[in-house]
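Asks: Quick one: the structure is below, and I'll ask about it shortly.
Numbering (UniProt numbering), first residue to last: 1 to 279.
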């Protein structure tokens, strides 16, 4: 076992897994995945960040790490998710550059707003600042794009729909841009490994979490949006500057789907590297 690597940490009786890789003396970069993926989704981006001299910590978040899968739907509030990330930052022992995709982006916005002294820079991928996202729900077609969030509030049914091979859930993922290898990874890492219920817990805890997202971000920030994203419209990107008081940039990836980590690792890694260099 390599004592220089942080592969696990504990918080509140739960054990979280971390993929710690890259130069051990590199600036620390914490990577937060979204739904329905795990820390392994960052592999392509991490490899490119390592080449730039950065050390990455890809966290298997609450509900995904086998040792951190509470059964209660109310165990996945933003307060808990933020506290999990801060426990990792404390274990690293230094301020970090923070990067999140999808739900990981939502968590990263909240962490940065609440703990700016612990975050040197933020790169948020796909999901706009939650305040901007909520405003976009009433000023664009975002509410229609987010129909699945309501569906996920139902008990049991979403698990059945998403678990069925070749069923509606799989067709939804393919329509969003997932290819066959990504679908197979989803089946192995999420469905077969038992992480699906925890991942859905993020959505089911939203009624208790909505107000917890509030807060402006003061650290150097880049928001990455792709115009081929079937779940998120541009309106959120247009409104996000209202919630960032520090240096801010919007990066738009033309022709890219929601799955930027997997399908556009070169472009995303370069965007992250530039944001880190600016800080």
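Cβ atoms here follow ideal geometry from the backbone N, Cα and C, with glycine treated the same way. Computed from a prediction, not measured in an experiment: that's the story for all the values here.
CA-CA distance, residue 201 and residue 176?
Replies: In the chain shown, residue 201 corresponds to position 201, counting from 1. In the chain shown, residue 176 corresponds to position 176, counting from 1. Those two C-alpha atoms are separated by around 21 Å.
Asks: Since residue 204 and residue 152 should fall inside the 8 Å C-beta cutoff, what is the C-beta to C-beta distance between them, to a whole number of angstroms?
Replies: Position 204 of the chain shown, counting from 1, holds the residue named residue 204. Position 152 of the chain shown, counting from 1, holds the residue named residue 152. The Cβ separation is near 7 Å, so the contact holds.
Asks: What's the C-alpha gap between residue 252 and residue 267?
Replies: Residue mapping note: residue 252 aligns to position 252 of the chain shown, counting from 1. Residue mapping note: residue 267 aligns to position 267 of the chain shown, counting from 1. Going from the Cα of residue 252 to the Cα of residue 267 covers about 10 Å.
Asks: In angstroms with no decimal places, state the Cα-to-Cα distance between residue 65 and residue 110.
Replies: Translated into the one-based positions of the chain shown, residue 65 becomes position 65. Translated into the one-based positions of the chain shown, residue 110 becomes position 110. When rounded, the distance between both Cα atoms is 21 Å.
Asks: What are the uninterrupted segments assigned as beta strand (DSSP E) that are 3 or more residues long and contained completely in the stretch 82–111, given in chain order?
Replies: If we require 3 residues or more, the beta strand (DSSP E) runs fully inside the stretch 82–111 come out as 96–101.
Asks: Closer than 6 Å by C-beta to residue 45: which residues in its own chain qualify, once you throw out the five before and the five after it? Chain order, please.
Replies: Here residue 45 corresponds to residue number 45 of the chain shown, with the count starting at 1. Excluding positions up to five away in sequence, the list reads 261, 265, 268 and 269.
Asks: Once you ignore the five residues that flank residue 167 on each side, which residues in its own chain have a CB closer than 8 Å to its CB?
Replies: Sequence index remark: in the chain shown, residue 167 carries index 167 (1-based). Here the set comprises 161.
Asks: Does the ligand GDP have a heavy atom nearer than 6 Å to the CB of residue 97?
Replies: In the structure on display, the ligand GDP does not appear, and there are no ligands present to speak of.
Asks: Mind checking which residues open and close the beta strand (DSSP E) that includes residue 21?
Replies: Stepping through the chain shown from its first residue, residue 21 is reached at position 21. First-last of the beta strand (DSSP E) with residue 21: 14–21.
Asks: Count Cβ pairs between the stretch 65–76 and the stretch 124–144 that sit closer than 8 Å; are there 3 or more?
Replies: Verdict: no, contact absent.
Asks: Closer than 8 Å is the cut-off here; do at least three beta carbon pairs connect the stretch 123–134 with the stretch 96–104?
Replies: As far as the Cβ criterion goes, the stretch 123–134 touches the stretch 96–104, which means the pair count is three or higher.
Asks: State the CB to CB distance for the pair residue 58 and residue 16, rounded to an integer number of angstroms; the pair is presumed to be in contact (CB under 8 Å).
Replies: Stepping through the chain shown from its first residue, residue 58 is reached at position 58. Stepping through the chain shown from its first residue, residue 16 is reached at position 16. With a Cβ gap of about 11 Å, residue 58 and residue 16 do not count as contacting.
Asks: Which value, in whole angstroms, describes the spacing of the CA atoms of residue 134 and residue 105?
Replies: Here residue 134 refers to the residue found at position 134 when the chain shown is read from its first residue. Here residue 105 refers to the residue found at position 105 when the chain shown is read from its first residue. About 15 Å.
Asks: Using a Cβ-Cβ cutoff of less than 6 Å, which residues in the same chain neighbour residue 60 once the five nearest sequence positions on both sides are dropped?
Replies: Along the chain shown, one-based indexing puts residue 60 at 60. Counting only Cβ-Cβ distances below 6 Å, and skipping sequence neighbours, we find 17, 38 and 39.
Asks: Measuring CA to CA, which of 92, 113 and 47 is closest to residue 219?
Replies: Residue numbering aside, residue 219 sits at position 219 when the chain shown is read from its first letter. When only C-alpha atoms are compared, the closest one is 113.
Asks: Looking at the unbroken beta strand (DSSP E) that takes in residue 243, where does it start and where does it end?
Replies: Numbered from its first residue, the chain shown carries residue 243 at position 243. That residue, residue 243, is in no beta strand (DSSP E); it is neither H nor E in DSSP.
Asks: Take every Cβ of the stretch 174–190, pair it with every Cβ of the stretch 6–26, and state whether three or more of those distances are shorter than 8 Å.
Replies: No, the stretch 174–190 does not touch the stretch 6–26.
Asks: Return the CA-CA distance between residue 180 and residue 174, expressed in angstroms with no decimal places.
Replies: Numbered from 1 along the chain shown, position 180 holds the residue referred to as residue 180. Numbered from 1 along the chain shown, position 174 holds the residue referred to as residue 174. Their Cα atoms are separated by approximately 8 Å.
Asks: Looking only at its own chain, which residues have a Cβ that is under 7 Å from the Cβ of residue 48, when we skip the five neighbours before and after it?
Replies: Start at 1 with the first residue of the chain shown, and residue 48 comes out as number 48. Closer than 7 Å at the Cβ level, and outside the excluded window around residue 48, lie 265, 266 and 269.
Asks: For residue 218, list the residues DSSP reports as bridge partners.
Replies: On the chain shown, residue 218 is found 218 positions in, with the first residue counted as 1. Residue 218 is not bridged to any residue.
Asks: Please state the DSSP three-state secondary structure of residue 191.
Replies: The count along the chain shown starts at 1 and reaches residue 191 at position 191. Helix, per DSSP.
Asks: Would you report the Cα separation of residue 70 and residue 81, rounded to the nearest angstrom?
Replies: Reading the chain shown from its first residue, position 70 is the one you call residue 70. Reading the chain shown from its first residue, position 81 is the one you call residue 81. So the alpha carbons of these two residues sit roughly 12 Å apart.
Asks: Check the DSSP bridge columns for residue 28 and list the partner residues they point to.
Replies: Stepping through the chain shown from its first residue, residue 28 is reached at position 28. Bridge partners of residue 28: 55.
Asks: Tell me residue 121's beta-bridge partners as DSSP assigns them.
Replies: Counting from one through the chain shown, the residue named residue 121 turns up at place 121. Note: residue 121 sits in a beta bridge opposite 97.
Asks: Please identify the residue among 229, 131 and 233 whose C-alpha is closest to the C-alpha of residue 241.
Replies: If you number the chain shown from 1, residue 241 lands on position 241. That would be 131, whose Cα lies nearest to the Cα of residue 241.
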